[in-house]
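Below: the structure, in structure tokens.
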Amino acid sequence: MRLSRSLASVTAAVCLVMSLPYDAMPHARVETRRAAAPEPFGASCHSRITGSQVTAYCHNPYPRTDGVRLHIECDRWWDLDSDGAQVRAGPAQTVRLTGRCWKEIRAVWVSHRKLAR
């Protein structure tokens, strides 16, 4: 009978310790490295559609070179969509990208790619 009382008190103590939050229990202090802040990247671009012509201007305010490409989706099924050539936008540089469709334009966007310095 005495054994079961002892076992009950040990079980209660173990349950109490296990229910404590992790921070309340003593543990070895471990130094963690903080991840470096990501390097700012990406030229800011704005585009203008005039009829079937597109002009986009991209300005890169960051120190890393950005490879920008103009993509045009034409509205008509027979009109070919186009992906422009990649243009290097260096630090503090503004580049102009142009393209066109034969008729109406459905969508325009600019893609970005990190390039070697």
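Numbering (full-length UniProt numbering), first residue to last: 1 to 117. Backbone N, C-alpha and C fix where the C-beta goes; we use that ideal spot for every residue, glycine too.
Inter-residue distance for residue 9 and residue 33 is about 42 Å (C-alpha atoms, whole angstroms).
The Cβ atoms of residue 56 and residue 74 lie no closer than 9 Å to each other. In the DSSP assignment, residue 82 forms a beta bridge with 72.
Counting of Cβ neighbours within 10 angstroms places residue 36 among the exposed residues, the total staying below 16. Taking C-beta atoms as the reference points, residue 81 and residue 71 count as a pair closer than 9 Å. For residue 32, the secondary structure class from DSSP, reduced to helix, strand or coil, is coil.
Distance check between residue 100 and each of 111, 90, 76 and 94 places 76 closest, using alpha-carbon atoms only. Annotation: residue 64 to residue 53 spans about 30 Å, alpha carbon to alpha carbon.
Checking the DSSP bridge columns, you'll see residue 97 partnered with 56. For residue 8, the secondary structure class from DSSP, reduced to helix, strand or coil, is helix.
With a contact defined as Cβ atoms closer than 8 Å, residue 89 and residue 43 qualify at about 5 Å.
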